[in-house]
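Peer 1: In UniProt numbering, the protein residues as written are 1 to 128. Below you'll find the structure I mean.
This is the structure we're talking about:
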């Protein structure tokens, strides 16, 4: 399998797993991030799984539901890395009639026998 096909398949599987975990058991997200991972949310950056999880907890929602529109993936510049770009929408606390559009970019890296997030950049997209 060529690198592009591998990245595309990995990207689709990763996005499904990430957002399903986010929606159904957010406390398990921390294990997907490398120890030195960067997470930017609306321009504010934190580093490491502990601070990333604290950032998620501080957002104040009790439930979130994501709907993925697109997943684009490419091999990264270093063997074993992948860049994943996701667009979609999310609804907070059951307000499905008020969805928010988003884009999110991940850089993944091989670590042991698994893939972890080393960079994550999230932005809400304005609708006007």
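All C-beta atoms, glycine included, are put in the ideal place defined by N, C-alpha and C.
(1) Could you give the distance in angstroms between the alpha-carbon of residue 89 and the alpha-carbon of residue 5?
(2) Report yes or no: do three or more beta-carbon pairs, one from the region 60–70 and one from the region 19–28, lie closer than 8 Å?
(3) Can you give me the C-alpha to C-alpha distance between residue 49 and residue 1, rounded to a whole angstrom?
(4) Figure out for me which residue from 3, 26, 72, 119 has the closest Cα to the Cα of residue 108.
(5) Select from 9, 123, 12, 93 the residue whose C-alpha is nearest the C-alpha of residue 187.
(6) Looking only at C-alpha atoms, which of 9, 80, 51 sits nearest to residue 31?
(7) Taking the beta carbon of residue 24 as the centre, do at least 16 other beta carbons fall within 10 Å, making it buried, or is it exposed?
(8) To which residues does DSSP link residue 41 through a beta bridge?
(9) State the Cα-Cα distance for the pair residue 116 and residue 58, rounded to the nearest angstrom.
Peer 2: Let's see:
(1) Here residue 89 refers to the residue found at position 89 when the chain shown is read from its first residue. Here residue 5 refers to the residue found at position 5 when the chain shown is read from its first residue. Those two C-alpha atoms are separated by around 26 Å.
(2) yes
(3) Here residue 49 is taken as the residue at index 49 of the chain shown, counted from 1. Here residue 1 is taken as the residue at index 1 of the chain shown, counted from 1. The C-alpha of residue 49 lies about 32 Å from the C-alpha of residue 1.
(4) Counting from one through the chain shown, the residue named residue 108 turns up at place 108. Answer by Cα proximity: 119.
(5) Outside the shown range of the chain (1 to 128) lies residue 187, about which nothing can therefore be said.
(6) On the chain shown, residue 31 is found 31 positions in, with the first residue counted as 1. Closest by alpha carbon: 51.
(7) What you label residue 24 is simply residue 24 of the chain shown in a count that begins at 1. Exposed, because fewer than 16 other Cβ atoms sit within 10 Å of the Cβ of residue 24.
(8) Your numbering for residue 41 matches position 41 in the chain shown. Looking at the DSSP assignment, residue 41 forms a beta bridge with 44, 122.
(9) Looking up residue 116 in the chain shown gives position 116. Looking up residue 58 in the chain shown gives position 58. Using only the alpha carbons, I get a separation of about 23 Å.
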